[in-house]
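Structure, as structure tokens:
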Amino acid sequence: MKLQSRLSSFLSLSPLVSLRPFAAAAALATAAFAPAAHADLKVGIDLSSTGPAAAIGITSKNAMLMWPPEIAGQKTDYIVLDDGSDPGAAVRNIRKLINEDHVDVIVGPNITPAALAALAPVAEAKTPMITLVGSGSVVEPQQGARVWAFKMAQTDAAMADVMTRYMAAHGVKTVGFIGFADSYGDSWLNEFTKFAKDRNIQIVATERFNRTDASVTGQILKLMAAKPDAVLIAGAGTPTVLPQRTLVERGYKGAIYQTHGIATPEFIKLGGKDVEGTLFPTQPVVVARTLPADHPAHKAALAFVDAYEAKYGPGTVTQFAGDAAGVYPRLQDAVTRALKTAQPGTEAFRVALRRELEGAHELVVPNGVVNTSEKDHVGLDQRASVMGTIRGGKFVYLAQ
């Protein structure tokens, strides 16, 4: 069922460009979906709250429920739609948000195929889109429709970089790869291949699987026949448990790596003992409680985690929630400047907002520090990339 709600009753937080809102949110009442009055600024949100990617979309929505009711002093109408993890539905939602609701900015989608499919309609309408996906293919290269897209999560390239550095430092010479048979898997295979070559790591077998597959035994047996030092599973959310469990059940003894797309409580709950010891690149929020105190995003990450878990329970925070939380300070920063040029509800404002989203400078968000430009619509450097592992059923920081 499609979900459409207008989020008007939010936690009364200060602007999230400071650390105070995340810390303060823990003591505030629960926000709720409720009918909203007319607002000066409209934010259209498309998420996968149901379907295979629901574990990602739900935590993103939870973080958005903590957003204040105003952005840069403008009353804000948040319109949320569920795409059911279906790229076709995501495009229909986004066209509705643009053509019927006349939003000033789109937030989402949170799966790569949907975000790629959404590029055309947002570009046609000259409406900036801040996606919550992992793959850099949505914003790279910065030309054509992609100039209207921005991304909150660290790029696959940066994650592959930190992962292969860790592999090389720990004696991994050969890797078997199994990834989603879609744009997410494609992006990871491309980026991992580049960095593996730079660090003299050989990919000895490559397999693919679908998010809805019930068995990957054939692929896993082929990987194991190549006898790799480690296996990389390139997927997101709970579907990635299946290949890891199959590896364990078939007796694979090498290291098992996953991507930053696994960091949800559902992954640990579903995987249980089979995912203990998993190695993966991630962003600060996921390992905030064990992140070194001198990390530049430590305070913001920990403040958000404290607030989120006070509201939703211990162990519930995810990277995706952290990415969604970071959208608010990104908008606060850009809308403040865009308002000097035009007013919400106009093409001039949308064009100005897109331009100002390119102008973030040393903006601290829970998952890193943002510096965007005309050529870089992510803006995160290696301060947003760390290694993590699963220990005792928890995501923890892993020192290099």
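What the sequence shown shows, in mature numbering (1 follows the signal peptide of the UniProt record, and there is no 0), is residues -39 to -1, 1 to 361, in sequence order.
Beta carbons are placed, not taken as given, at the ideal position from N, Cα and C, and that holds for glycine.
Through-space distance from PHE156 to THR167, alpha-carbon basis:
Within the sequence shown, residue 167 is the residue found at index 206, counting from 1. Within the sequence shown, residue 156 is the residue found at index 195, counting from 1. Going from the Cα of THR167 to the Cα of PHE156 covers about 16 Å.
Distance, SER9 Cα to LYS43 Cα:
Walking along the sequence shown from the start, residue 43 turns up at place 82. Walking along the sequence shown from the start, residue 9 turns up at place 48. One detail in the question is off: residue 43 reads as Asp in this sequence, not Lys. One alpha carbon belongs to ASP43, the other to SER9, and they sit about 5 Å apart.
Under 8 Å between C-beta atoms of VAL64 and ILE40:
As a first step, residue 64 is located in the sequence shown; it is residue number 103 there, counting from the start. As a first step, residue 40 is located in the sequence shown; it is residue number 79 there, counting from the start. ILE40 sits close to VAL64, with the two beta carbons spaced by under 8 Å.
Tell me whether SER96 is buried or exposed, calling it buried when 16 or more other Cβ atoms sit within 10 Å of its Cβ.
To locate residue 96, count along the sequence shown from 1; it is residue 135. Answer is buried; the Cβ neighbour count reaches 16.
Residues of its chain near ILE59, where Cβ-Cβ distance is below 8 Å and the 5 sequence neighbours each way are ignored:
One-based indexing of the sequence shown puts residue 59 at position 98. Same-chain partners within the cutoff: GLY5, ILE67, PRO82, VAL83, ALA86 and THR88.
Taking all protein chains shown into account, do 16 or more other C-beta atoms lie within 10 angstroms of the C-beta of LYS188, making it buried, or fewer, making it exposed?
Sequence index remark: in the sequence shown, residue 188 carries index 227 (1-based). LYS188 comes out exposed.
On a CA-only basis, which of GLN293, ALA216 and ARG352 is nearest ARG251? Give me that one, please.
Residue numbering aside, residue 251 sits at position 290 when the sequence shown is read from its first letter. In the sequence under discussion, the amino acid at residue 251 is Thr, which differs from the Arg named in the question. Closest option to THR251, judged by alpha-carbon separation, among GLN293, ALA216 and ARG352: ARG352.
For residue 395, count neighbouring C-beta atoms within 10 Å of its own C-beta (all shown protein chains included) and say buried if the count is 16 or more, exposed if not.
Summary: the structure shown does not reach residue 395, with the chain confined to residues -39 through 361, and so no result is reported for it.
Inter-residue Cα distance where the pair is VAL108 and VAL100:
Translated into positions along the sequence shown, residue 108 becomes position 147. Translated into positions along the sequence shown, residue 100 becomes position 139. Cα to Cα, VAL108 sits roughly 7 Å from VAL100.
Can you tell me the Cα-Cα spacing of LEU263 and TRP28, whole angstroms?
For the purposes of this step, residue 263 is taken as residue 302 along the sequence shown, with counting starting at 1. For the purposes of this step, residue 28 is taken as residue 67 along the sequence shown, with counting starting at 1. Between LEU263 and TRP28, the alpha-carbon positions lie close to 17 Å from each other.
Confirm, please, whether the CB-CB distance from PHE241 to GLN219 is below 8 Å.
Along the sequence shown, one-based indexing puts residue 219 at 258. Along the sequence shown, one-based indexing puts residue 241 at 280. The answer is yes: Cβ separation under 8 Å.
Can you have a look at GLN244 and say buried or exposed, based on whether 16 or more other CB atoms are within 10 angstroms of its CB?
The residue labelled residue 244 in the question sits at position 283 within the sequence shown. With 16 or more Cβ atoms within 10 Å of its Cβ, GLN244 is classed as buried.
Grab the span of the beta strand (DSSP E) containing PRO242 for me, first residue to last.
Counting from 1 along the sequence shown, the entry for residue 242 is found at position 281. Where PRO242 is concerned, the enclosing beta strand (DSSP E) starts and stops at 240 to 243.
Per DSSP, which residues does TYR289 bridge with? Please list them.
Your numbering for residue 289 matches position 328 in the sequence shown. Paired residue(s): none; TYR289 is not in a bridge.
Assign THR173 to buried or exposed, taking buried as 16 or more other Cβ atoms, counted over all protein chains shown, within 10 Å of its Cβ.
Numbered from 1 along the sequence shown, position 212 holds the residue referred to as residue 173. Counting the other Cβ atoms within 10 Å of the Cβ of THR173 gives fewer than 16, which makes it exposed.
Buried/exposed call for ASN161, threshold 16 Cβ in 10 Å
Taking the first residue of the sequence shown as 1, we reach residue 161 at position 200. Residue environment for ASN161: exposed (fewer than 16 other C-beta atoms within 10 angstroms of its C-beta).
Taking the alpha-carbon positions, what's the TYR273 to THR225 distance?
Along the sequence shown, read from residue 1 onward, the residue named residue 273 stands at position 312. Along the sequence shown, read from residue 1 onward, the residue named residue 225 stands at position 264. One C-alpha to the other measures close to 13 Å.
Candidates THR20, LEU2, THR11 and GLY18: closest to GLU31 by CA position:
Your numbering for residue 31 matches position 70 in the sequence shown. Per the C-alpha coordinates, the member of THR20, LEU2, THR11 and GLY18 positioned closest to GLU31 is LEU2.
Closest by CA to PRO48, which one among ASP7, THR20, ILE19 and GLY132?
The residue given as residue 48 occupies position 87 in the sequence shown. Residue ASP7 is the option with its Cα nearest to PRO48.
What residue range is occupied by the uninterrupted alpha helix (DSSP H) comprising LEU80?
Residue mapping note: residue 80 aligns to position 119 of the sequence shown, counting from 1. For LEU80, the enclosing alpha helix (DSSP H) has its first and last residue at 73 to 85.
Quick check on SER176: buried or exposed, where buried means 16 or more other Cβ atoms within 10 Å of its Cβ?
Here residue 176 is taken as the residue at index 215 of the sequence shown, counted from 1. Its Cβ having fewer than 16 others within 10 Å, SER176 is exposed.
With a threshold of 6 Å on Cβ separation, who are the neighbours of VAL296 within its own chain once the five nearest residues in sequence on each side are excluded?
Within the sequence shown, numbered from 1, the residue matching residue 296 stands at position 335. Here the set comprises ILE32 and ALA33.
I need the boundaries of the beta strand (DSSP E) containing VAL247, first residue and last residue.
On the sequence shown, residue 247 is found 286 positions in, with the first residue counted as 1. First-last for VAL247: undefined, no H or E at that position.
Bridge partners for ASP7 per DSSP, in chain order?
The residue labelled residue 7 in the question sits at position 46 within the sequence shown. In DSSP, ASP7 forms a bridge with LEU42.
Among the candidates THR154, ALA303, PHE138 and HIS259, whose CA atom is the shortest distance from the CA of THR201?
Within the sequence shown, residue 201 is the residue found at index 240, counting from 1. Distances from the alpha-carbon of THR201 to those of THR154, ALA303, PHE138 and HIS259 put PHE138 closest.
Can you tell me which residues form a DSSP beta bridge with THR92?
The residue you call residue 92 lines up with position 131 of the sequence shown. Answer is LYS112.
Using the DSSP secondary-structure output, state which residues sit across from LEU140 in a beta bridge.
Here residue 140 is taken as the residue at index 179 of the sequence shown, counted from 1. One point to set straight first is that residue 140 is Gly, not Leu, in the sequence displayed. Answer is ARG169 and ALA195.
Assuming the contact rule is C-beta atoms closer than 8 Å, VAL236 and ASP190 should be a hit. Round their C-beta distance to whole Å, please.
Within the sequence shown, numbered from 1, the residue matching residue 236 stands at position 275. Within the sequence shown, numbered from 1, the residue matching residue 190 stands at position 229. That belief does not hold up - the Cβ atoms of VAL236 and ASP190 are roughly 19 Å apart, past 8 Å.
The alpha helix (DSSP H) enclosing LEU314, as first and last residue numbers
Taking the first residue of the sequence shown as 1, we reach residue 314 at position 353. For LEU314, the enclosing alpha helix (DSSP H) starts and ends at 308 to 318.
Just to confirm my understanding: we take GLY12, look at its own chain, exclude 5 residues before and 5 after, and list those with CB closer than 7 Å. What are they?
By one-based count along the sequence shown, residue 12 stands at place 51. So the list reads GLY45, SER46 and ASP47, once near-sequence residues are dropped.
Looking at the secondary structure, which residues open and close the alpha helix (DSSP H) in which VAL202 lies?
In the sequence shown, residue 202 corresponds to position 241, counting from 1. Unbroken alpha helix (DSSP H) run through VAL202: 202 to 210.
Beta carbon of SER144, beta carbon of ASP117: below 8 Å?
Here residue 144 refers to the residue found at position 183 when the sequence shown is read from its first residue. Here residue 117 refers to the residue found at position 156 when the sequence shown is read from its first residue. Cβ atoms of SER144 and ASP117: not closer than 8 Å.
Nearest-angstrom Cα separation, counted from LEU193 out to residue 386:
Residue 386 lies beyond the range of the chain shown here (-39 to 361); nothing can be said about it.
Can you give the Cα-Cα distance for LEU314 and VAL339, rounded to whole angstroms?
Translated into positions along the sequence shown, residue 314 becomes position 353. Translated into positions along the sequence shown, residue 339 becomes position 378. For LEU314 and VAL339, the gap between their C-alpha atoms comes out near 15 Å.
If distances are taken between C-alpha atoms only, which option among PRO327, ASN23 and PHE141 comes closest to HIS259?
One-based indexing of the sequence shown puts residue 259 at position 298. For the residues PRO327, ASN23 and PHE141, the minimum Cα distance to HIS259 belongs to PRO327.
Beta-carbon contacts of ILE229 that lie in its chain and below 7 Å, excluding the five residues immediately before and after
Here residue 229 refers to the residue found at position 268 when the sequence shown is read from its first residue. So the list reads VAL236, ILE351 and GLY354, once near-sequence residues are dropped.
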